[in-house]
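The block underneath contains the structure these notes are about, expressed in C-alpha cells.
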Amino acid sequence: MGGLVIYLHPASQPCRAVSIFLKLNDIEYEERIVNLMKGEHRQPAYKEINPHSLVPAMDDGGFKLNESHAILKYIIASRPCKEAWYPRDVQKRARVDALLDWHHSNTRRNTAGLVFNEVVAAFFGVQGDQHIAAVSHRGLQASLSTLENVMLAQADPADPAAPKFLDGSAEPTLADLCIACELTQLELMGPAGKEAILGDYKKVQAWQEAVRAACNPAFDQVHETVKGMAAQIAAAAAAKEDGEAGKEGETTSEGV
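Here is the structure:
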C-alpha cells in the first residue's frame with residue numbers, strides 16, 4: 010500500500026484548498042496533476058480513481074475518495090492537524106459544517122458560474138453562457154451580502170481585537186479556507202472586474218486578506234497558477250481588443 014496521493018489541478022478552487030491545507034499541516038503526500046485541458050479526467054485510468062471525472066480526488070493506500078470537503082475531513086480524522094480547522098467540540102464543528110454546506114450552494118456555485126462563463130470559457134475558445142453568468146452574478150452578490158452582514162457580523166476591520174474569521178472565530182477553519190480559495194478565482198476577472206464585484210464588501214475583503222495572511226506562504230504559493238492565468242486572460246483580451254480596433258480602422262480607411 011502506498012501513501013497519500015492527491016489528484017488535482019491548481020486552476021480548481023477546491024483543489025487549491027486541499028493543497029494549502031496539506032502544506033499548512035506538514036502532511037506528506039504525492040501530488041499528481043490531472044490535465045483538465047487535455048481531458049485526462051475523462052480517461053479510464055482516472056475514472057478508476059474518481060468515477061465522476063472531477064478533481065480533487067484522493068487515494069490513501071487504496072482507499073479512494075472524492076469531494077474536497079470529504080477529503081479534508083478524512084485527512085483531519087486520519088492525521089495530526091491543528092484542531093482549530095475542524096474543532097472537536099460538537100457545536101463548533103457543526104457550525105463549520107453548516108458554513109461548508111452553505112458554501113457549496115452559494116459562493117461555490119455562483120463564483121464558478123460567473124467566472125467560467127464570463128472569462129474562462131472565451132480564453133479556452135468555448136462559448137460562455139451569458140444567462141448563467143448573469144444569474145451567477147446576482148447570486149454571488151447575495152452570497153457576498155450574507156458573508157458581509159451575517160457571517161462576518163462580529164468582524165470590524167478597524168478594530169484589531171475583533172474576530173477576523175467566519176462566525177466570530179479567532180482562527181480560520183476549513184470553511185474560511187474553502188470560501189477564500191473560491192473567491193480568489195475572481196482574480197481572473199481582472200482588477201476592475203474584481204473591484205466591481207467585491208468593492209462594496211469591506212469586511213469580506215479584510216477577511217479574505219486575513220485568511221491569506223494566516224495561511225501564507227502556502228496560500229500564495231498555491232495560487233501562483235491563478236495569477237498566471239489572470240495575466241494570460243488579460244493579455245488575450247487586450248490582443249483581441251487591439252485586433253478589433255485594427256479592423257475598425259481598416260474599415261474606416263476603406264470608406265474614406
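With the working numbering applied, the sequence shown covers 10 to 265.
Backbone N, C-alpha and C define an ideal beta-carbon position, used for all residues, glycine too.
{"Asked": "Going by alpha carbons, who is nearest to F133 out of P65, I242, R88 and A227?", "Found": "I242"}
{"Asked": "Quick check: is any heavy atom of the ligand ZN less than 8 Å from the C-beta of S152?", "Found": "No copy of the ligand ZN occurs in the structure displayed, which carries no ligand at all."}
{"Asked": "Return the chain-ordered ranges of every beta strand (DSSP E) run that is complete within the segment 27 to 113 and spans a minimum of 3 residues.", "Found": "39 to 42, 66 to 69 and 72 to 75"}
{"Asked": "Are three or more beta carbon pairs between the segment 177 to 197 and the segment 214 to 224 nearer than 8 Å?", "Found": "yes"}
{"Asked": "How far does the beta strand (DSSP E) with L284 in it extend, from its first residue to its last?", "Found": "Residue numbering for the chain in the displayed model covers 10 to 265; residue 284 lies beyond these limits and cannot be assessed."}
{"Asked": "What do you get for H50, buried or exposed, if any count of 16 or more other CB atoms within 10 angstroms of its CB means buried?", "Found": "buried"}
{"Asked": "Just confirm the distance between the C-beta atoms of E40 and L63, as a whole number of angstroms; I'd bet it's less than 8 Å.", "Found": "In fact, because the Cβ distance is near 17 Å, the residues do not count as touching under 8 Å."}
{"Asked": "Give the secondary structure of G12 by DSSP, where H, G and I count as helix, E and B as strand, and everything else as coil.", "Found": "coil"}
{"Asked": "Is it true that the segment 154 to 173 meets the segment 131 to 145, where meeting means three or more beta-carbon pairs spaced less than 8 Å apart?", "Found": "no"}
{"Asked": "Work out the CA separation of I36 and R104 for me, nearest whole Å.", "Found": "25 Å"}
{"Asked": "Assess contact between the segment 158 to 172 and the segment 226 to 235, defined as three or more Cβ pairs (one per stretch) separated by less than 8 Å. Is contact present?", "Found": "no"}
{"Asked": "In the DSSP assignment, find the unbroken alpha helix (DSSP H) run with P200 in it and report its ends.", "Found": "G199 to L207"}
{"Asked": "Among the residues of its own chain, which have a CB less than 6 Å from the CB of S21, if the five just before and after it don't count?", "Found": "V64"}
{"Asked": "So L175 and L109 are supposed to be a Cβ contact under 8 Å. How far apart are they, rounded?", "Found": "That belief does not hold up - the Cβ atoms of L175 and L109 are roughly 10 Å apart, past 8 Å."}
{"Asked": "Are there 16 or more other CB atoms within 10 angstroms of the CB of E127, so buried, or fewer, so exposed?", "Found": "buried"}
{"Asked": "Would you grab the beta carbon distance between A227 and L33 for me? Rounded to a whole angstrom, and I think it's under 8 Å.", "Found": "5 Å"}
{"Asked": "Considering just the uninterrupted stretch of the alpha helix (DSSP H) at E218, what are its terminal residues?", "Found": "K211 to C224"}
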